[in-house]
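Residue numbers for the sequence shown follow numbering that gives the first Met the number 0, beginning at 0 and rising by one.
Contents: one structure, followed by commentary.
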Amino acid sequence: MCGIIKITSKEREKQEITTMEPLSPGSRLFISPGFYGVIVFTLGFKTRCDPSAIVEGIKNTWIKLPRFSSKVVNDKKNGETVWVPVSVRVEDHVVVPDLDHSSIENPDEFVEDYTSNIANTPMDMSRPLWEFHVLNIKTSNAESLGIGKFHHSLGDGMSLMSLLYASSRKMSDPEAFPTTAVTKKHVESNNNWWFISSFWFIIRVIFTTFTELFKSLLTLCFLRDTKTPLMAKPGDRVRPRKVIHRIISFDDVKFVKNAMKLKVNDVLLGMTQAGLSRYLSKKYEDEDPMVEKKKNLEKIRLRGTVVVNLRPDTKIEDLADMMTKGSKCRWGNFIGIVIFPLWIRSEDDPLEYVRRAKSTMNKKKISMEALILYGLNKFTLKILGEKAVETITKRVFGHTTLTFSNVMGPNEEISFFNHPMSYVGASALVGPQALIIHFVSYVDKLIINLSVDTTVIPDPHLLCDDLIESLHIIKLAVVEKGLHKMEV
Numbered sequence: 000m001c002g003i004i005k006i007t008s009k010e011r012e013k014q015e016i017t018t019m020e021p022l023s024p025g026s027r028l029f030i031s032p033g034f035y036g037v038i039v040f041t042l043g044f045k046t047r048c049d050p051s052a053i054v055e056g057i058k059n060t061w062i063k064l065p066r067f068s069s070k071v072v073n074d075k076k077n078g079e080t081v082w083v084p085v086s087v088r089v090e091d092h093v094v095v096p097d098l099d100h101s102s103i104e105n106p107d108e109f110v111e112d113y114t115s116n117i118a119n120t121p122m123d124m125s126r127p128l129w130e131f132h133v134l135n136i137k138t139s140n141a142e143s144l145g146i147g148k149f150h151h152s153l154g155d156g157m158s159l160m161s162l163l164y165a166s167s168r169k170m171s172d173p174e175a176f177p178t179t180a181v182t183k184k185h186v187e188s189n190n191n192w193w194f195i196s197s198f199w200f201i202i203r204v205i206f207t208t209f210t211e212l213f214k215s216l217l218t219l220c221f222l223r224d225t226k227t228p229l230m231a232k233p234g235d236r237v238r239p240r241k242v243i244h245r246i247i248s249f250d251d252v253k254f255v256k257n258a259m260k261l262k263v264n265d266v267l268l269g270m271t272q273a274g275l276s277r278y279l280s281k282k283y284e285d286e287d288p289m290v291e292k293k294k295n296l297e298k299i300r301l302r303g304t305v306v307v308n309l310r311p312d313t314k315i316e317d318l319a320d321m322m323t324k325g326s327k328c329r330w331g332n333f334i335g336i337v338i339f340p341l342w343i344r345s346e347d348d349p350l351e352y353v354r355r356a357k358s359t360m361n362k363k364k365i366s367m368e369a370l371i372l373y374g375l376n377k378f379t380l381k382i383l384g385e386k387a388v389e390t391i392t393k394r395v396f397g398h399t400t401l402t403f404s405n406v407m408g409p410n411e412e413i414s415f416f417n418h419p420m421s422y423v424g425a426s427a428l429v430g431p432q433a434l435i436i437h438f439v440s441y442v443d444k445l446i447i448n449l450s451v452d453t454t455v456i457p458d459p460h461l462l463c464d465d466l467i468e469s470l471h472i473i474k475l476a477v478v479e480k481g482l483h484k485m486e487v
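Okay, structure coming up:
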């Protein structure tokens, strides 16, 4: 007995306090009851999943990240919310449901319901805020599935994508990290007009930033989107959502991108504008077939909050090393939003949706709107507290219709803890909006992820069909107009 050292509850509490870390402003927002948010990752595997290999892999990677081995506690002494390190038994966070395969008639529908159920189930705040589900069920796109659920306070989509990179290796080289498409940087030519063009660029940045911030202020104060079949009801709290995804060819997006000399994001936004226009025109036609749908759509003001990564450097190596100390790439919630007006019209020329998306996105790219709004949120949190930031953020989301984001995934085949992957999907469930759209690419596939409030949008599969059909129509228009270069 003399060899046993007893630690009192006061001593244990003192040890915990010495290692506590305050939550970041973004994490504090997501931890508030009125703005609860989670991110759900769906990983499709080409082979049957081995739960023991998943557990062992998580022990060697995820648990090394402090936030994955900490719980959230309200520090009454200092009046702030903090991360407190705890001992973690990984097996308790890896869920392997006992499935009755004989009763599952439609595996794809079963996975949708399962994913939606875990996404809407509140997380246990008394332990680290993550879990990973292993489903050994064959679907139309995978032999088995891994579904990760992470509280948004752990980090944003870019942070959690770094987990995928750190947990994966190339199929062609088991020792190498995955790679993504390289973004080409524009190099200015050295000529006598450099000073004038730089001065004009600065003027444009200042003017555009002022204009976009003024529009954001109007949205915060009173400017609300038109009430449509996509708009959540005013003042609604976050309701249970249906989470679905669809896989299409990424080559179709790149075909339009290359033919029209655009960015991938321009094509995806154009496709979204065309798909939403198509969906809404059907809805209005069903309500009143006598009313001209073109005039109906022209009256609509519909905007989306587009998620923007504020990290200055997001190379693949930095993402993979994000969990290590001294990494150039910041872990956590370091994202901003811009309010993006969507072109909802019945256009005769399908390419107009893409041109409009490019034009609007060009303005947003040179605007400092996202960074300034992020700074203002931090300032408001420090001066007025969490309730003020929560009220402001909910008001912006409540006055707009949807959230949109796009993440470029690995551009070659990878394995996740030695499991060859078929695809990766992701959905963030946050805010009062009835529609959230995420696009994730994987090799030659594009995964469309929708998270919807079914009391507002009862037919999410129809909406997804309209998005896909719109891309096909845009691609066909490119071919018909001869904008693409024929391969020899």
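Beta carbons: idealized from backbone N, C-alpha and C, even for Gly.
Take P24, set aside five residues on each side of it, and the residues of its chain with a beta-carbon closer than 6 angstroms to its own are K377 and L380, in chain order. M420 sits in a strand when the DSSP states are folded into three classes.
Straight-line measurement puts the Cα of P106 at about 7 angstroms from the Cα of K137. Annotation for E79: the continuous beta strand (DSSP E) segment containing it runs E79 to P84. Annotation note: the region 421 to 482 contains the following uninterrupted alpha helix (DSSP H) runs of length 4 or greater, listed N- to C-terminal: 459 to 479.
A distance below 9 angstroms separates the beta carbons of F403 and F339. Approximately 6 angstroms separates the beta-carbon atoms of L28 and V388; this is inside 8 angstroms, confirming the contact. Selection S31, V95 and T218 evaluated against H398 yields T218 as nearest (Cα-Cα). DSSP places D74 in the uninterrupted beta strand (DSSP E) bounded by S69 to D74.
Assignment of beta-bridge partners to S404 by DSSP yields H437. In the DSSP assignment, T41 falls within the beta strand (DSSP E) that extends over V37 to F44. Just so you know, the alpha carbons of P50 and K386 end up roughly 41 angstroms apart. Looking at the DSSP output, T304 shares a beta bridge with I338 and T402. The closest CA to that of L229, considering only L401, Y373, E111 and G424, is found on L401. Under the 10 Å beta carbon count, H471 is surrounded by fewer than 16 other beta carbons and is classified as exposed.
Excluding its 5 nearest sequence neighbours in each direction, L42 has C-beta neighbours in its own chain below 7 angstroms: L144, G145, F415, M420 and V423, listed in chain order. Shown here, V94 sits in a strand according to DSSP, grouped into three states. Cβ neighbours of M19 within its own chain (closer than 6 angstroms, five residues either side excluded): V81 and V83.
Listed in chain order, the non-local C-beta contacts of R245 below 7 angstroms within the same chain comprise I447, C463 and I467, local neighbours out to five positions each way being set aside.
It is roughly 13 angstroms from the alpha-carbon of Y113 to the alpha-carbon of D99. For M259 against L482, the beta-carbon gap comes to about 6 angstroms, under 8 angstroms, which counts as contact. Bounds of any beta strand (DSSP E) do not take in R344, whose DSSP letter is neither H nor E. Here the alpha carbons of I195 and D452 stand approximately 50 angstroms from one another. Exclusion of the five residues before and after E368 leaves T208, E211, L212, S215 and V337 as the residues of its chain whose Cβ lies within less than 7 angstroms of its Cβ. V266 is not a Cβ neighbour of I435, given a cutoff of 9 angstroms.
Spatial neighbours of G147 in its own chain (CB-CB distance under 6 angstroms, excluding positions within 5 residues in sequence) are listed in chain order as F40 and F131.
Out of F67, V478, E351 and L134, the CA that lies nearest to the CA of P96 is found in L134.
Residue S450 holds the alpha-carbon nearest to the alpha-carbon of N116 among P349, S450 and D465. Its chain contains V54, I57 and K58 as the residues whose beta carbon lies nearer than 6 angstroms to that of V89, once the 5 sequence neighbours on both sides are disregarded; these appear in chain order. Taken through DSSP and simplified to helix, strand or coil, G154 comes out as coil.
E142 has its alpha-carbon roughly 6 angstroms from the corresponding atom of R47. T227 and L268 do not touch by the CB rule: their CB atoms are close to 18 angstroms apart, not below 8 angstroms. In the three-state scheme derived from DSSP, where H, G and I count as helix and E and B as strand, V242 is classed as strand. Under the three-state reduction of DSSP, R168 is assigned to strand.
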